[in-house]
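Numbering (my numbering), first residue to last: 345 to 645. Structure first, commentary second.
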């Protein structure tokens, strides 16, 4: 049985990767700070990944052949510029080295569309320059660059999933879909921008499944975890209004767009779909409906 170590397993995306990994026959070891779903066969480990000695000890104890690395600083509203990005870049590189030294063979890490030059409306792995506009994007891109340069010497196969806009159950508050859905269900008025921005949204279960498929493949290098579909934020918010029955409590144009906010961020999904053969299970309508149902249950619970 192939043994995988999943970091950030209690996080928004990581928690959704555990069951698909077990379904594919992996022996799953999860590093988690909080509660995680516990499918049969899951082994949970407590480890501060910012402590390089603790990380090295965990890798030696587990001896994983595969690594799925989601853990990073992700506080909504702060992560774009937080100095913690530097800590997690360094910790990720130490983790990779320990993994390789312990005999690890295949590593897949979570990158971000924030690594790209956002002046282009469609972002592709080969065509779009890598000129991050934020510390978060720069730190992610630095890890990717070091991994690309060191992979051959370390003897590992690697892939790098660049995440776009994720939504779904367990999304933390402080993000678009979670704040609008939870706010409308609570009876509050919700302030949003004009919604002219265009984004590429993917349901979190599809994002997690894409990472698992990438780990289980031989595909190498950066791969956009994206749908390739352009959705105006106004349309998405309007759908949430209809699903909650509270469209009249959405106040469009009451939040100002940041001067540096790009109007269009959509991923080229060719590598994901054509080379990996991955297809999302959820279209936006169904994904948002399930998300609203989850928030409705969360509020009543």
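All C-beta atoms, glycine included, are put in the ideal place defined by N, C-alpha and C.
Check                                                                                                                                  : Outcome
Per-residue burial, residue 549 [other beta carbons within 10 Å of its own, 16 or more giving buried]                                  : buried
Alpha-carbon spacing of residue 496 relative to residue 556, whole angstroms                                                           : 22 Å
Anticipated Cβ contact below 8 Å, residue 524 with residue 534, distance rounded                                                       : 5 Å
Residue 618, buried or exposed, once every other Cβ within 10 Å from all chains shown has been counted against 16                      : exposed
Closest residue to residue 616 among 561, 381, 491, 433 (Cα-Cα distance)                                                               : 561
Selection from 432, 636, 361, 347 that minimises the alpha carbon distance to residue 409                                              : 347
Environment of residue 359 [buried if 16+ CB atoms lie within 10 Å]                                                                    : buried
Residue 501, DSSP secondary structure in three states                                                                                  : strand
Given residue 508 as reference, the closest of 414, 467, 638, 433 once Cα atoms are compared                                           : 467
Pairwise C-alpha distance: residue 377 and residue 354                                                                                 : 6 Å
Contacts around residue 551, its chain only, beta-carbon distance under 7 Å, and the 5 residues preceding and following it disregarded : 357, 507, 510, 569
Stretch-stretch touch, CB-based, cutoff 8 Å, three pairs: the stretch 584–596 with the stretch 535–542                                 : yes
Beta carbon of residue 646 nearer than 9 Å to that of residue 380                                                                      : What the structure shows of the chain is the stretch from 345 to 645, and residue 646 is not part of that stretch, so it cannot be assessed.
Cross-strand partners of residue 419 (DSSP beta bridge)                                                                                : DSSP, once it has assigned bridges, lists no residue as partnering residue 419.
The stretch 424–438 touching the stretch 381–399, judged by at least three CB pairs closer than 8 Å                                    : yes
Exposed unless 16 or more other CB atoms sit within 10 angstroms - verdict on residue 526                                              : buried
Own chain, CB closer than 6 Å to residue 627, minus 5 neighbours either side, in chain order                                           : none
Neighbourhood of residue 645 by C-beta, 8 Å cutoff - its chain only, sequence neighbours within 5 removed                              : The pLDDT assigned to residue 645 is 48, lower than 50, so where the model puts this residue is not dependable, and the model offers no usable value.
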